[in-house]
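Read through the structure below, which is laid out as structure tokens, and then see the notes.
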Amino acid sequence: MNEEQRSALLNSSSLFPPPPGVKFSYGTSGFRADASLLESTVFRVGILAALRSIHTRSVIGLMITASHNRLSDNGIKVADPSGGMLAQNWEPFADAIANAPDPNSLVQLVYDFIKRVNIRLDEGFSAEVFLGRDTRPSGISLLEAAKQAKLGIISIIGSTFTDMGIVTTPQLHWMVRSRNKGGEASEQSYYNQLSTSFRCLLDYCPGEGCGNVDDELIVDAADGVGGEKLETLKSKLSLNVQVRNRGAGVLNDGVGADYVQKEKLVPRGFGPPDAGKRCASLDGDADRLVYFSVSSDGNAVDLVDGDKILSLFSVFLKEQLDVLAEEEEGGVVSFGVVQTAYANGASTEYLRRAGLRVACTPTGVKYLHEKAAEYDVGIYFEANGHGTVLFSDGFLSRLDSSSNAEIGGSEKKHGAAMRLRAVNGIMNQAVGDALSGVLLVEAVLLYKGWSIHQWSERLYRDLPSRQLKVIVHDRSVIETADAETRVVKPAGLQEAIDGEVAKHSPDGRCFVRPSGTEDVVRVYAEGSTRESADDLARSVASIVDRYLCS
Numbered sequence: 001m002n003e004e005q006r007s008a009l010l011n012s013s014s015l016f017p018p019p020p021g022v023k024f025s026y027g028t029s030g031f032r033a034d035a036s037l038l039e040s041t042v043f044r045v046g047i048l049a050a051l052r053s054i055h056t057r058s059v060i061g062l063m064i065t066a067s068h069n070r071l072s073d074n075g076i077k078v079a080d081p082s083g084g085m086l087a088q089n090w091e092p093f094a095d096a097i098a099n100a101p102d103p104n105s106l107v108q109l110v111y112d113f114i115k116r117v118n119i120r121l122d123e124g125f126s127a128e129v130f131l132g133r134d135t136r137p138s139g140i141s142l143l144e145a146a147k148q149a150k151l152g153i154i155s156i157i158g159s160t161f162t163d164m165g166i167v168t169t170p171q172l173h174w175m176v177r178s179r180n181k182g183g184e185a186s187e188q189s190y191y192n193q194l195s196t197s198f199r200c201l202l203d204y205c206p207g208e209g210c211g212n213v214d215d216e217l218i219v220d221a222a223d224g225v226g227g228e229k230l231e232t233l234k235s236k237l238s239l240n241v242q243v244r245n246r247g248a249g250v251l252n253d254g255v256g257a258d259y260v261q262k263e264k265l266v267p268r269g270f271g272p273p274d275a276g277k278r279c280a281s282l283d284g285d286a287d288r289l290v291y292f293s294v295s296s297d298g299n300a301v302d303l304v305d306g307d308k309i310l311s312l313f314s315v316f317l318k319e320q321l322d323v324l325a326e327e328e329e330g331g332v333v334s335f336g337v338v339q340t341a342y343a344n345g346a347s348t349e350y351l352r353r354a355g356l357r358v359a360c361t362p363t364g365v366k367y368l369h370e371k372a373a374e375y376d377v378g379i380y381f382e383a384n385g386h387g388t389v390l391f392s393d394g395f396l397s398r399l400d401s402s403s404n405a406e407i408g409g410s411e412k413k414h415g416a417a418m419r420l421r422a423v424n425g426i427m428n429q430a431v432g433d434a435l436s437g438v439l440l441v442e443a444v445l446l447y448k449g450w451s452i453h454q455w456s457e458r459l460y461r462d463l464p465s466r467q468l469k470v471i472v473h474d475r476s477v478i479e480t481a482d483a484e485t486r487v488v489k490p491a492g493l494q495e496a497i498d499g500e501v502a503k504h505s506p507d508g509r510c511f512v513r514p515s516g517t518e519d520v521v522r523v524y525a526e527g528s529t530r531e532s533a534d535d536l537a538r539s540v541a542s543i544v545d546r547y548l549c550s
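The sequence shown finishes on residue 550 if you use full-length UniProt numbering, and the numbering steps up by one all the way, no holes.
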């Protein structure tokens with residue numbers, strides 16, 4: 001970095017002083033906070049994105065969103081060249097520049113990082129960054145702060161910051177991935193791919209065709225960006241979908257996937273007239289999805305969460321892969337299902353009984369996605385409804401051969417290959433995508449001829465669970481292993497937990513883990529009854545308190 005570049009960065013960063021006394025941390029969701037605190041952070045992440053673009057010689061994405069958080073919050077997250085999350089080895093740099101106390105400190109941090117990572121600013125590559133935002137009013141000013149990053153070091157060597165407008169988080173990630181793979185990067189191309197793949201999947205229904213489950217799907221759009229986008233997709237496919245909570249109310253206030261999944265309550269705008277109907281809920285930026293039906297009194301929901309979405313998709317995928325395996329001469333296909341310890345134990349047992357390989361990772365989408373990408377076909381979903389299906393490039397090449405009926409494949413094998421190809425086109429290969437999820441759920445239910453009640457009841461029945469948190473002085477005292485399911489420090493704590501779990505056999509299960517953002521220890525417990533799960537959670541919470549707080 002030369003003096004002219006240092007001076008430009010110094011001058012532009014002085015326009016966005018950081019808020020005093022606030023510490024930012026880049027997590028799975030990027031940076032999130034009250035929107036009034038974020039201008040300096042968004043500006044600085046804009047610089048990071050431009051540097052990342054130059055370093056990788058790729059388009060980078062910046063999404064301004066706080067997902068399921070309240071309306072007054074906002075956030076900023078980076079989409080890497082693959083369309084996935086920011087590389088973990090860049091996260092410490094994100095933390096450092098977000099928390100630099102003044103322009104001089106910021107300039108020095110950037111200078112040191114450029115030198116250490118060997119980012120070449122003198123080779124004529126122009127940074128390219130896609131900017132997107134959700135429907136929060138604060139997104140307008142934060143978008144301008146991101147654009148102002150061009151006034152810094154990057155403006156001297158050239159850069160393009162393209163405003164993609166109001167989009168879902170998954171749409172922005174999809175666009176970044178598409179551009180970097182040589183494809184189109186627009187909302188229209190996104191809709192075209194999803195709608196074409198959905199039609200293809202329905203075209204390859206076996207036998208007499210898809211089942212006759214044609215009742216209306218009612219979708220709670222959380223008063224977020226997903227409502228308008230689902231309406232657009234609906235119009236392209238003539239879907240029998242009614243979209244509610246499209247923006248007239250307050251974002252994420254008594255609505256949305258997070259509310260329905262955690263509170264088990266009916267979202268605003270739903271009630272007794274909807275009892276028994278197939279319903280779904282998106283979150284504020286449309287990267288999470290859960291299904292539900294409303295109870296007869298209109299006050300509660302029968303939740304069909306991410307675990308059951310995962311199970312539905314996994315069984316369908318296995319059916320197609322089994323058809324290919326009957327005649328496959330090119331070797332075994334690796335198919336992996338990935339969960340965290342928070343997955344309901346009944347779902348894990350169901351998947352294993354179905355003959356599926358189940359892997360467990362630490363909590364966090366970045367771990368789930370990374371593990372799923374190790375397989376030819378990998379699938380992950382968190383209970384909160386965030387997840388997707390991934391296909392390796394090598395496996396897609398094999399599908400091209402299998403789907404070509406002229407290369408000697410049977411009609412049955414050809415159909416299975418085409419269905420898998422269609423799933424690849426529907427499911428977002430970069431991140432979890434609620435719109436993709438809706439299309440695949442609806443297609444698979446049609447294949448099965450299942451109502452939402454049959455889906456909920458035929459797979460498995462959830463074990464009752466309870467989550468608690470224990471406030472501690474220092475969460476770092478706890479260290480875990482085996483995907484956060486076992487405590488290794490402090491000594492004796494895991495043995496004490498095991499003793500409590502033994503009292504609730506055979507279905508008792510409990511683990512504890514330190515929060516990633518606050519000084520609390522989270523306790524998760526399952527039992528054969530609600531009372532058993534509650535009792536186990538309370539007992540283990542008391543043990544944690546005794547070990548860490550006394």
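The beta-carbon is built from N, C-alpha and C at its ideal position, and this holds for glycine as well. The model shown is predicted, which means the values in this text are computed figures rather than measured ones.
Rounded C-beta distance between Leu251 and Thr135? I'm assuming under 8 angstroms. Right, the Cβ-Cβ distance comes to about 7 angstroms (below 8 angstroms), so this counts as a contact.
Ignoring anything shorter than 3 residues or poking outside the UniProt domain "Alpha-D-phosphohexomutase C-terminal" (489-541), list the beta strand (DSSP E) runs there in chain order. Restricted to the UniProt domain "Alpha-D-phosphohexomutase C-terminal" (489-541), the beta strand (DSSP E) segments that are unbroken, complete and at least 3 residues in length are 509-514 and 520-526, listed in chain order.
Considering only the beta carbon of each residue, do Leu42 and Ile76 sit closer than 7 angstroms? Sequence inspection shows Val at residue 42; the Leu mentioned does not correspond to that position. Taking 7 angstroms as the Cβ cut-off, Val42 and Ile76 qualify as a contacting pair.
Using the Cβ count rule (16 or more neighbours within 10 Å means buried), how would you classify Ile471? exposed
For Arg530, which residues in the same chain have their Cβ closer than 7 angstroms to its Cβ, ignoring the five residues on either side in sequence? For Arg530, where only same-chain residues beyond five positions count, the Cβ hits under 7 angstroms are Pro464.
For the candidate residues Val365, Asp322, Ala354 and Val332, whose alpha-carbon lies nearest to that of Val338? Val365
Report the option in Tyr111, Ser7, Asp400 and Glu349 whose CA atom is closest to the CA atom of Leu48. For the residues Tyr111, Ser7, Asp400 and Glu349, the minimum Cα distance to Leu48 belongs to Tyr111.
Quick check: Tyr547 and Leu493, are their CB atoms within less than 7 angstroms of each other? yes
For Arg486, which of helix, strand or coil comes out of DSSP? In the three-state DSSP reduction, Arg486 falls in the strand class (E or B).
In whole angstroms, give me the CA-to-CA distance for Ser235 and Ser7. 51 angstroms
On the three-state DSSP scale, how would you describe Glu4? DSSP, reduced to helix, strand and coil, places Glu4 within a helical segment of the structure shown.
Can you say whether Val117 is buried or exposed, counting buried as having 16 or more other CB atoms within 10 angstroms of its CB? exposed
Keeping to the same chain, check which residues put their C-beta closer than 6 angstroms to that of Phe113; ignore five residues upstream and five downstream. Phe93
Taking the alpha carbon of Leu420 as the reference point, which residue from Gly432, Ile379, Glu457 and Gly387 has its own alpha carbon closest? Ile379
Pop quiz: Val290 and Gln320 are said to be a contact at Cβ under 8 angstroms. What is the actual Cβ separation, rounded to whole angstroms? Wrong, their Cβ atoms sit about 25 angstroms apart, outside the cutoff.
With burial defined as no fewer than 16 other Cβ atoms inside 10 Å of the residue's Cβ, what is the status of Gln188: buried or exposed? exposed
Taking 6 angstroms as the line, does the beta carbon of Asp474 fall inside it for any heavy atom of the ligand NAD? With respect to small molecules bound, the structure shown includes none, and the ligand NAD cannot be examined in it.
From Asp102 to Asp73, what distance separates their C-alpha atoms? Here the alpha carbons of Asp73 and Asp102 stand approximately 24 angstroms from one another.
Say whether the region 56-74 touches the region 27-41, bearing in mind that this needs 3 or more beta-carbon pairs closer than 8 angstroms, one atom from each stretch. yes
Report buried or exposed for Arg513, applying the criterion of at least 16 other Cβ atoms within 10 angstroms of its Cβ. buried
C-alpha distance - Ala416 paired with Ile497, whole-angstrom precision: Per the coordinates, the alpha-carbon of Ala416 lies some 46 angstroms from the alpha-carbon of Ile497.
Return the residue from the list Ala354, Cys510 and Ser13 that minimises the CA-CA distance to Val544. Checking every option, the nearest Cα to that of Val544 belongs to Cys510.
Can you tell me the Cα-Cα spacing of Thr388 and Cys279, whole angstroms? 20 angstroms
Quick one: is Ile140 buried, meaning 16 or more other Cβ sit within 10 Å of its Cβ, or exposed? exposed
Length of the line joining the Cα atoms of Leu10 and Phe16: CA-to-CA, the gap between Leu10 and Phe16 works out to about 11 angstroms.
When the Cα atoms are used, what is the spatial distance from Ala343 to Glu382? 7 angstroms
Where the beta strand (DSSP E) containing Phe130 begins and where it ends: Ala127 to Arg133
One or two residues paired with Met63 in a DSSP bridge: Lys77 and Gly132
Spatial neighbours of residue 554 within its chain, please: CB distance less than 6 angstroms, with the 5 preceding and 5 following residues excluded, ordered by chain position. Any question about residue 554 goes unanswered here, given that the chain covers just 1 to 550.
Can you give me the Cβ contacts of Ala359 inside the same chain, cut-off strictly under 6 angstroms, excluding the 5 residues immediately before and after it? Gly336, Val338 and Lys371
Every unbroken beta strand (DSSP E) inside the region 422-489 [3 residues or more]: The qualifying runs are 465-471, 479-481 and 486-489.
By alpha-carbon positions, which one of Gly61, Val45 and Ser12 ends up nearest to Ser25? Val45
Buried/exposed call for Ala537, threshold 16 Cβ in 10 Å: buried
According to DSSP, simplified to helix, strand and coil, what is Phe31? strand
Would you call the CB atoms of Leu106 and Ser13 closer than 7 angstroms? yes
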